[in-house]
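Each remark here refers to the structure printed beneath this line.
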Amino acid sequence: GAGVSQTPSNKVTEKGKYVELRCDPISGHTALYWYRQSLGQGPEFLIYFQGTGAADDSGLPNDRFFAVRPEGSVSTLKIQRTERGDSAVYLCASSLSGVGREQYFGPGTRLTVT
Amino acid sequence: GNSVTQMEGPVTLSEEAFLTINCTYTATGYPSLFWYVQYPGEGLQLLLKATKADDKGSNKGFEATYRKETTSFHLEKGSVQVSDSAVYFCALDSGGSNYKLTFGKGTLLTVNP
Chain A
1 GAGVSQTPSN KVTEKGKYVE LRCDPISGHT ALYWYRQSLG QGPEFLIYFQ GTGAADDSGL
61 PNDRFFAVRP EGSVSTLKIQ RTERGDSAVY LCASSLSGVG REQYFGPGTR LTVT
Chain B
115 GNSVTQMEGP VTLSEEAFLT INCTYTATGY PSLFWYVQYP GEGLQLLLKA TKADDKGSNK
175 GFEATYRKET TSFHLEKGSV QVSDSAVYFC ALDSGGSNYK LTFGKGTLLT VNP
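Chains as they are written, first to last, in the working numbering: chain A, 1 to 114; chain B, 115 to 227.
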């Protein structure tokens, strides 16, 4: 079946611009996660959705970052007034809920802020 | 908070050599432990997992045992292949009702023929 998809695969934007990154999870997966991976580092947690609600947004670095999942499926990560430090690969993962459930990762969106 | 400390890389081995990548963790509660792998040009994928103390996860010849007494989850393989060349990430989840993952920094493994 289809895995997690993310669009766009690459995004180049100028400092100060607004960007939206999209994630299509595996059908039926109620849990959705966003992570950010900087070069040479492991992914870092940003936000977790259970259904439509953001159950944990403690990883969002500041109020320029926001994410939604209005119908409990597709999610959009929104970044306002982008900064060069926001450049990274943004990963989305989805899973069923429960102990030790595997998170299935998308290919990521590489964001470059110039 | 939770954290994962992973053996620094890069690691370079010859084919058929024995592999160990060390991973230790700090966590509250009872996390599940994971090894994820990222092959060149591909996304992260689960290699193996263990959900409770003394469990052994295994897949594709790789093994790791959940050691609560030493807070470790070291990855081992008896005979590596060129196709095992990849970045390996140790991770734990936070348990409870939120299974967000905390990752180590990753270890780049290169296997030469």
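C-beta: ideal position from N, C-alpha, C; glycine also. Being a predicted model, the structure only gives us computed values, none of them experimental.
The criterion of a C-beta distance shorter than 9 Å is not satisfied by Y144(B) and V118(B). Look at Q195(B): its C-beta is not under 9 Å from any C-beta on chain A. Between the beta-carbon of L223(B) and that of A205(B) there is about 16 Å, and that puts the pair past the 8 Å contact cut. Chain B places a beta carbon closer than 9 Å to that of Q103(A), counting this residue as a contact. Judged by DSSP in its simplified three-state form, V4(A) adopts coil rather than helix or strand. For R22(A), the enclosing beta strand (DSSP E) starts and ends at V19 to D24. A straight-line Cα-Cα distance of about 26 Å links Y90(A) and L189(B). When the alpha-carbon of P107(A) is set against those of M121(B), S146(B), P154(B) and N116(B), the nearest one is in P154(B).
DSSP places E177(B) in the uninterrupted beta strand (DSSP E) bounded by F176 to T179. By the Cβ test, the region 76-87 of chain A is in contact with the region 8-22 of chain A, since at least three Cβ pairs between them sit closer than 8 Å. Within chain B, not a single residue places a beta-carbon under 7 Å from that of F65(A); the smallest gap is close to 16 Å. The alpha-carbon separation between D86(A) and I47(A) amounts to approximately 16 Å.
Three or more pairs of CB atoms, one per stretch, sit closer than 8 Å, so the region 2-12 of chain A contacts the region 21-38 of chain A.
Listed along chain A is no residue with a C-beta nearer than 9 Å to that of Y180(B); the closest approach is about 11 Å.
Ranking L161(B), N226(B) and K214(B) by CA distance to the CA of S58(A) puts K214(B) first.
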